[in-house]
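Residues 0 to 166 in numbering that gives the first Met the number 0 are what the sequence shown spells out, letter by letter.
For every residue, glycine included, the Cβ atom is placed at its ideal position computed from N, Cα and C.
Everything numeric in this text was worked out from a predicted model, so none of it was measured.
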Amino acid sequence: MSAENLEGADIAVTKRTAELTVGAVVAAFGLLAIVSNYKLGAGWAEDGPQAGYFPMRMGIAIFAASLVVIWQALRKNDRSAFVERGQLKLVATVLLPLVVYIAAIKFTGIYVASALFIGIFMALVGKFSWWKSAGIGLAINVVMFWVFEIAFKVPLPKGPLEHLLGF
């Protein structure tokens, strides 16, 4: 990509930034695996390998591979677009409501949070009518409630509404 195209592009994140970030995060997890398994015991005991023997070596391999990714990202210096602003907006359209949904499960239970998530997502993102979105969101969660709570007897997180209804 030429300098002229780069200036005109609506770049949110470059490939270099993405690769360096992923490399650093993976390196941190690799280092965590190395340190925690070293503390656990990563040597060879009289009866064979200790509990952290294999996991620590995997941590070393992960850490080394992440250093290679970081080195290549620095060497290539690829400033082309990894994601543009429009694409990032589409990802945020899904990711932000999903984060709110996951947080809401703790307070409303999975059934109410899921009904709201499905209904609102269908209406706002899918452009379905509100009555159809609400109906489908509710129907899916009534079926989900019946399958898990009644048929399989597998309790899922419940909120105040389910407790009010006696479940």
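Beta-carbon spacing of residue i, residue j below 8 Å
{"i": "Gly-118", "j": "Ala-138", "result": "no"}
{"i": "Pro-96", "j": "Phe-127", "result": "no"}
{"i": "Glu-18", "j": "Val-99", "result": "no"}
{"i": "Ala-32", "j": "Met-55", "result": "yes"}
{"i": "Thr-92", "j": "Val-141", "result": "no"}
{"i": "Phe-62", "j": "Leu-30", "result": "yes"}
{"i": "Gly-108", "j": "Glu-148", "result": "no"}
{"i": "Phe-151", "j": "Tyr-110", "result": "no"}
Whole-angstrom distance between residue j and residue i, CA atom to CA atom
{"i": "Val-153", "j": "Gly-51", "result": "35 Å"}
{"i": "Thr-16", "j": "Ile-135", "result": "41 Å"}
{"i": "Gly-58", "j": "Lys-131", "result": "50 Å"}
{"i": "Leu-94", "j": "Ala-112", "result": "15 Å"}
{"i": "Met-121", "j": "Leu-87", "result": "20 Å"}
{"i": "Leu-66", "j": "Val-90", "result": "28 Å"}
{"i": "Lys-14", "j": "Ala-23", "result": "14 Å"}
{"i": "Ala-64", "j": "Trp-70", "result": "10 Å"}
{"i": "Phe-106", "j": "Trp-129", "result": "24 Å"}
{"i": "Phe-53", "j": "Leu-163", "result": "50 Å"}
{"i": "Val-168", "j": "Phe-28", "result": "What is shown of the chain runs 0 to 166, which leaves residue 168 out entirely."}
{"i": "Asp-46", "j": "Arg-74", "result": "46 Å"}
{"i": "Trp-43", "j": "Val-146", "result": "49 Å"}
Integer-rounded CB distance, given that residue j should sit under 8 Å from residue i
{"i": "Arg-78", "j": "Asp-9", "result": "About 14 Å; that fails the 8 Å criterion."}
{"i": "Val-12", "j": "Phe-81", "result": "5 Å"}
{"i": "Pro-156", "j": "Ile-104", "result": "6 Å"}
{"i": "Gln-49", "j": "Ala-60", "result": "Actually they are not in contact, since the Cβ atoms of Gln-49 and Ala-60 sit about 18 Å apart, beyond 8 Å."}
Burial state of residue i (16 or more Cβ within 10 Å)
{"i": "Ala-102", "result": "exposed"}
{"i": "Gly-165", "result": "exposed"}
{"i": "Asn-76", "result": "exposed"}
{"i": "Ala-72", "result": "buried"}
{"i": "Ala-167", "result": "Beyond the ends of the chain as shown, which are 0 and 166, falls residue 167; an answer cannot be given."}
Residues bridged to residue i [DSSP beta-bridge criterion]
{"i": "Thr-13", "result": "Ala-80"}
{"i": "Pro-48", "result": "Trp-43"}
{"i": "Lys-173", "result": "A question about residue 173 goes unanswered here, because the residues of the chain that appear run from 0 up to 166."}
{"i": "Gly-167", "result": "Only positions 0 to 166 of the chain appear in this structure, which leaves residue 167 out of reach."}
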